[in-house]
Amino acid sequence: MAADGLKQRIRNGGDVIGVSIPSGSTRDDFEKALNVRAYDFVTADAQHGAHSDEGLIAYCQIASEFGMPVRYRIQHTR
């Protein structure tokens with residue numbers, strides 16, 4: 018699903034379903050998780066664990082291969 022379509026559905030109060038796929042996951046991990054059902058987005062929480070820009074880029078690239086928007090929670094800067 019395109020990110021613009023997802024944002025519009027959220028604004029309109031529509032139901033959206035996401036799946037948590039941990040940061041550092043492989044393409045195979047994504048494929049297994051996304052084959053369970055139709056999801057609207059993927060999410061990862063890197064706030065309390067190791068995080069790198071390279072890891073975020075890799076995560077987003079894999080999600081992009083599946084056409085999935087990403088919600089990626091990074092470490093709070095304070």
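Mapped onto the working numbering, the consecutive letters of the sequence shown carry residue numbers 18 to 95. We put the CB at the ideal spot given by N, CA and C, even for glycine.
Could you give the distance in angstroms between the alpha-carbon of residue i and the alpha-carbon of residue j?
i	j	result
K24	F58	11 Å
G35	E82	16 Å
F47	R26	23 Å
V87	G30	19 Å
A55	M85	11 Å
S37	D70	19 Å
V33	R90	18 Å
Q78	D62	17 Å
Determine the DSSP secondary structure at residue i, reduced to helix, strand or coil.
i	result
S37	strand
Which residues in the same chain as residue i place their Cβ atom closer than 6 Å to its Cβ, once the five residues preceding and following it in sequence are excluded?
i	result
T60	G35, S37 and R88
Completely contained alpha helix (DSSP H) runs for the segment 28 to 84, where each covers 4 or more residues: 44 to 51 and 70 to 82
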